[in-house]
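Count along the sequence shown starting at 1, add 230, and that's the number in our numbering.
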Amino acid sequence: MRFYYPSIFSLIFIAVLYAIVLGVFWFIWVKLYKRKFSGPAVWPVVTLVLVLPWLEEFWIAWNFGQLCRKDAGIVINRTVEVEGYFNDTGRTITRIVGGPSYKFIESREERKFREGRKFRRVEKASDEEKEHAIAWFIETYPGKELKKNRNEWIMHPVDEQVQINVEVDTGYAWRVTKLDRPTARYHYKVLNRHTPVAHQITRFENVVEDVQTGEILGKFVNYYRGAYWFFIHLSRPTIPCVETESDVRKYGTLSIYALTLKPIK
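1. Name the DSSP bridge partner or partners of residue 453?
2. Based on Cα-Cα distance, which residue from 284, 232, 236 lies nearest to residue 463?
3. Can you name, in chain order, every residue of its own chain whose Cβ lies under 8 Å from the Cβ of residue 243, other than the five neighbours on each side?
4. List in chain order: all unbroken beta strand (DSSP E) runs of 3+ residues lying wholly within the stretch 289 to 373.
5. Give every residue of the same chain whose Cβ lies closer than 7 Å to the Cβ of residue 467, excluding the five residues on either side of it in the sequence, and list them in chain order.
6. Where does residue 398 sit, in a helix, a strand or coil, going by DSSP?
7. Give the secondary structure of residue 414 by DSSP, where H, G and I count as helix, E and B as strand, and everything else as coil.
8. Can you name the start and end residues of the beta strand (DSSP E) that residue 462 belongs to?
9. Is the Cβ of residue 382 closer than 8 Å to any Cβ of chain C?
10. Using DSSP bridges, identify the partner residues of residue 405.
11. For residue 287, which three-state DSSP category applies?
12. Who are the near neighbours of residue 331 in its chain, counting only those whose CB is closer than 8 Å to its CB and skipping five residues on each side?
13. Assuming contact is defined by CB atoms lying nearer than 8 Å, are residue 501 and residue 439 in contact in what I supplied?
14. Is the Cβ-Cβ distance between residue 351 and residue 409 less than 8 Å?
15. Pull up the DSSP beta-bridge partners for residue 386, would you.
16. With a cut-off of 8 Å, do at least 3 Cβ pairs link the stretch 391 to 398 to the stretch 414 to 425?
17. Since residue 480 is in the alpha helix (DSSP H), which residue starts that stretch and which ends it?
18. Return the CA-CA distance between residue 278 and residue 302, expressed in angstroms with no decimal places.
19. In chain order, what residues of the same chain lie with their CB nearer than 8 Å to the CB of residue 476, ignoring the 5 residues before and after it?
20. Ignore the nearest five residues each way along the sequence and tell me which others in residue 366's own chain have a CB closer than 6 Å to its CB.
21. With DSSP collapsed to three states, give me the class of residue 448.
22. DSSP three-state label for residue 494, please.
23. State the DSSP-derived secondary structure class of residue 236, mapped to helix, strand or coil.
24. Among residues of its own chain, excluding the 5 on either side of residue 265, which ones have a beta-carbon nearer than 6 Å to its beta-carbon?
25. With 16 as the cutoff for other CB atoms within 10 Å, does residue 316 come out buried or exposed?
26. For my contact list, residue 320 and residue 335 are in at a C-beta cut-off of 8 Å; report their separation, rounded to the angstrom.
27. If you count every other CB in all the chains shown that lies within 10 Å of the CB of residue 381, and 16 or more means buried, which is it?
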């Protein structure tokens, strides 16, 4: 079983609740019915009062433990060398720096930039494209000073499909191409996100799929559990499976795409 965090406020609350309920029961049993507060008719009721508030916690903890042991964690079925992939996890890709050196990454376009096309490909721009974008900016906006901060970009529209983006503070440059549909063979996507699978338990699942064959190259599954009904604290954080923590130590990452899709050297 995987129990939830203890809380002193919750323990105080349940102690007060016990006192009230048992006090009312004692008053009815002793004062109204004039009977002794003991015997086979009393102790089962007292036991039920003490155990009943915790039944939900035991139910959540048991189900959570079973689900975590069943399939939580990382499964790698096969690795492949690729030039790039399609990221369908909902995070728009704007830069390719750090991590695996893919030639390109495709993703869904941000809503505010959608104009008929819903996808885009990001790849590193050449030095010539970068220099041309800077020259275009100087010519188009004469006298405008470029401040080297994270929000300063040069966005040079080459044509209706292609745009060169230069990040001023780092000097990194990318070619962003609008697409009608993804062209990459391998897709990194979400199958489950906050999906309820049991009381107070949700499932998260990311996979890497070969869309040509339907093969799942790898997957990452995690479950999160919530608190019992009388939990009292400043926040109510969810708890993940401990199996995922061991996979972090084993693989060094939970990014399933980085473990299955190896950039072509």
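Glycine residues also receive a C-beta, built at the ideal position from the N, C-alpha and C atoms.
Let me spell this out:
1. 433
2. 236
3. 460, 462
4. 303 to 306, 310 to 312, 314 to 318, 334 to 338, 349 to 354
5. none
6. coil
7. coil
8. Element bounds for residue 462: n/a, residue is neither H nor E.
9. The structure shown contains no chain C, having only a single protein chain.
10. 353, 394
11. helix
12. 493
13. This structure does not reach residue 501, given that the chain is present from 231 up to 495, and the question cannot be answered.
14. yes
15. 394
16. no
17. 472 to 481
18. 34 Å
19. 303
20. 386
21. strand
22. coil
23. coil
24. 259
25. buried
26. Contact doesn't hold; Cβ gap of about 14 Å is too wide.
27. exposed
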